[in-house]
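Peer 1: My questions will all concern the structure given below.
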Amino acid sequence: MVRGKKQDNGTPEPVLSIVGPGMRVRGDVVTEGSLRVEGEIHGRVWAGKAVVLGREGSIHGDLFTRDAVVGGRLDGTLHASSRLEVQASAVLRGEFRTPRLQLEDGARLDGDVRMGEVELPSPPEWEATPEEGQVPQLDHGPDTGERVSP
Numbered sequence: 143m144v145r146g147k148k149q150d151n152g153t154p155e156p157v158l159s160i161v162g163p164g165m166r167v168r169g170d171v172v173t174e175g176s177l178r179v180e181g182e183i184h185g186r187v188w189a190g191k192a193v194v195l196g197r198e199g200s201i202h203g204d205l206f207t208r209d210a211v212v213g214g215r216l217d218g219t220l221h222a223s224s225r226l227e228v229q230a231s232a233v234l235r236g237e238f239r240t241p242r243l244q245l246e247d248g249a250r251l252d253g254d255v256r257m258g259e260v261e262l263p264s265p266p267e268w269e270a271t272p273e274e275g276q277v278p279q280l281d282h283g284p285d286t287g288e289r290v291s292p
């Protein structure tokens with residue numbers, strides 16, 4: 143994640159995470175900030191601020207965010223608690239919930255649209271692997287006993 147200036151409490155403010163062209167992600171994606179998708183995600187997505195789904199991007203799964211701008215393909219449930227903008231290049235299939243909708247001419251929307259207040263579910267709890275506080279050990283294969291001097 144790209145980080146910006148520090149907030150008043152000293153922690154970095156999340157700015158933008160990117161799933162770039164040609165990148166494929168399988169599983170849950172969670173960010174407190176914004177997410178731009180130019181690649182492909184198979185799984186659920188939670189973004190605290192916004193999601194921009196580019197023309198070549200796709201999400202196959204559920205999307206939960208404050209603001210969503212969709213120019214690519216989405217198959218699943220989309221909950222935008224503030225607004226949803228569907229661009230002319232977009233193809234959406236599923237269920238969509240938002241209080242405000244902007245739909246450009248040419249966009250394809252196939253599913254159930256519900257307008258009104260949207261309460262976003264919480265993202266799943268982080269399950270750290272390995273155990274919290276442990277450092278994973280890498281296996282470099284068999285030890286030959288050969289040592290390199292400094």
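For the sequence shown, the working numbering begins at 143 and goes up steadily by one.
Beta carbons are placed, not taken as given, at the ideal position from N, Cα and C, and that holds for glycine.
Since the structure is predicted, the reported quantities are computational estimates derived from the model, not experimental observations.
(1) Please classify Gln244: does DSSP put it in a helix, a strand, or coil?
(2) So the candidates are Gly169, Asp247, Gly253, Val157; which of them puts its Cα closest to the Cα of Gly213?
(3) Considering Arg208, what are the terminal residues of the beta strand (DSSP E) in which it resides?
(4) When burial is assigned at 16 or more other CB atoms within 10 Å of the CB, is Arg242 buried or exposed?
(5) Taking Arg186 as part of the beta strand (DSSP E), name the residues at either end of that continuous run.
(6) Look at the alpha carbon of Arg208 and the alpha carbon of His221, and state the distance between them as a whole number of angstroms.
(7) Reducing DSSP to helix, strand and coil, say where Glu237 ends up.
(8) Nearest-angstrom Cα distance between Val144 and Ser159?
(9) Beta-carbon separation of Val187 and Val211 under 8 Å?
(10) Would you check if the distance between the CB atom of Glu267 and the CB atom of Gly253 is smaller than 8 Å?
(11) Look at the Cβ atom of Leu262, then the Cβ atom of Phe206, and state whether they are nearer than 8 Å.
(12) Taking the CB atoms as reference points, tell me whether Arg166 and Glu180 lie closer together than 8 Å.
(13) Does the beta carbon of Val212 sit closer than 8 Å to a beta carbon anywhere in chain D?
Peer 2: According to the structure shown:
(1) strand
(2) Asp247
(3) 205-212
(4) exposed
(5) No beta strand (DSSP E) holds Arg186; DSSP gives it neither H nor E.
(6) 8 Å
(7) strand
(8) Confidence at Val144 is low in this model, with a pLDDT of 47, below 50, so its placement is unreliable and no value can be given for it.
(9) no
(10) no
(11) yes
(12) no
(13) Absent from the structure is chain D; it holds one protein chain and no more.
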